[in-house]
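> Residue numbers (UniProt numbering): 1 to 65.
Here it is, the structure in full.
Below is the structure:
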């Protein structure tokens, strides 16, 4: 014979497991410290400044005046 299972408890157990998995995914997706975010913003600004300084062509001259 099979094992007797309480469906109410099984559903609750499944919901808890799903909520735990979703929480772990959200922590991985959004769980960055303010320092990490600031560091990424500084790196992006540095990269943009480097690219803007290396611009050549008529677009760059038009921006200057």
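Even glycine gets a Cβ: it sits at the ideal position worked out from N, Cα and C.
Computed from a predicted model, the values in this text were never measured in an experiment.
1. Run through DSSP, which three-state label would residue 53 get?
2. Closer than 8 Å, CB to CB, is residue 23 near chain C or not?
3. Give the DSSP-derived three-state secondary structure of residue 6 in the structure shown.
Let me spell this out:
1. Residue 53 sits at position 53 when you count from the first residue of the chain shown. Reduced to three states, the DSSP call for residue 53 is helix.
2. Of the protein chains in this structure there is only one, and it is not chain C.
3. Against the chain shown, residue 6 aligns to sequence position 6. If DSSP states are grouped into helix, strand and coil, residue 6 belongs with coil.
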